[in-house]
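**Q** Right, I'll just put the structure down here and ask away after.
Residue numbers (the numbering used here): 1 to 231.
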């Protein structure tokens, strides 16, 4: 499916593909339960610890994946974390940034690739981002939040823009401006306020999303092959 030249000027919020709304709705319901539980509005006294319990039970564990690889053992309660950790966030700010970016990138990518491709791109980037995270930091803390999937959608956006720029004969390196800007901001925040190695999963998600898009877009793989041959 081709990228329309005026697509970059479309509203990032309305209307939205159904799959994008469902992804963000699940994130919002989970975050809402954590916030209401922490304030004692629902769930009783034990609800105060819902967020911490969810991080422990549903957050991705690099150590758990490393253990499965080392022992050759597959455990369902570990494998399910690949697709549950994107819906658990450390707080409201973490959630709202992830939700807004999912809405914006998901609308753009979903309208051009289709909703099935969007779901594959989001969860595939979460899974592959978590695998890269484990390879690079096998003893790192747990991984939570939708950002590896968001960066996967940014990878899809970059692929679409890269292909479009190639069609009009423009400099295709411009397609990587957004990811460069985001990584620059992330680096500045990391230096100023500190941070963990989560950015590794984000980059892994972006790379996964970019290259998966060539498989999800009809004809994109052939155009990439032709580009490489000409290079």
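Even for Gly, the Cβ is constructed at its ideal location relative to N, Cα and C. The model shown is predicted, which means the values in this text are computed figures rather than measured ones.
1. Is residue 20 helix, strand or coil when you go by DSSP?
2. Where are the alpha helix (DSSP H) runs, 4 residues long or more, that stay fully inside the region 15 to 95, in chain order?
3. What does the alpha-carbon distance come out to for the pair residue 82 and residue 127?
4. Based on the DSSP secondary-structure assignment, which residues constitute the bridge partners of residue 143?
5. Using a Cβ-Cβ cut-off of 6 Å (strictly less than) and excluding sequence neighbours within five positions of residue 213, which residues of its own chain qualify?
6. For residue 177, count neighbouring Cβ atoms within 10 angstroms of its own Cβ and tell me buried if that reaches 16, exposed if not.
7. Give the C-beta separation of residue 152 and residue 124 to the nearest angstrom, bearing in mind that I take them to be a contact with Cβ-Cβ under 8 Å.
8. Alpha carbon to alpha carbon, how far is residue 63 from residue 71? Give it in angstroms, no decimals.
9. Taking all protein chains shown into account, decide if residue 196 is buried (16 or more other Cβ within 10 angstroms of its Cβ) or exposed.
10. Assuming residue 113 and residue 25 are in contact, meaning their beta carbons sit under 8 Å apart, how far apart are those beta carbons, in whole angstroms?
11. Are residue 98 and residue 28 touching if we call contact CB-CB under 8 Å?
12. Look at the Cβ atom of residue 51, then the Cβ atom of residue 38, and state whether they are nearer than 8 Å.
13. Should residue 206 and residue 154 be called a contact, given that it needs their Cβ atoms to be closer than 8 Å?
14. Measure the alpha-carbon distance for residue 232 versus residue 16 and round it to whole angstroms.
15. Contact criterion: CB-CB distance below 8 Å. Does residue 56 meet it with respect to chain C?
16. How many whole angstroms separate the CB atoms of residue 20 and residue 118, which I take to be in contact at a CB cut-off of 8 Å?
17. Give a yes or no on whether the C-beta atoms belonging to residue 132 and residue 179 are separated by under 8 Å.
18. Count the other CB atoms, across all protein chains shown, that sit within 10 Å of the CB of residue 45; report buried if there are 16 or more and exposed otherwise.
19. Is the beta carbon of residue 189 sitting closer than 8 Å to the one on residue 130?
**A** In terms of the structure at hand:
1. helix
2. 18 to 38, 50 to 58, 62 to 71, 76 to 79, 81 to 84
3. Whole-angstrom Cα-Cα distance: 5 Å.
4. 60
5. 156, 159
6. exposed
7. At roughly 7 Å, the Cβ-Cβ gap stays under 8 Å, so residue 152 and residue 124 are in contact.
8. Whole-angstrom Cα-Cα distance: 12 Å.
9. exposed
10. The Cβ separation is near 20 Å, so there is no contact.
11. no
12. yes
13. With a cutoff of 8 Å on beta-carbon distance, residue 206 and residue 154 are scored as near each other.
14. Since the first residue shown for the chain is 1 and the last is 231, residue 232 is missing from the structure and cannot be characterised.
15. Protein chains in the displayed structure number just one, and chain C is not present.
16. 7 Å
17. Cβ distance not < 8 Å, so residue 132 and residue 179 don't count as in contact.
18. exposed
19. no
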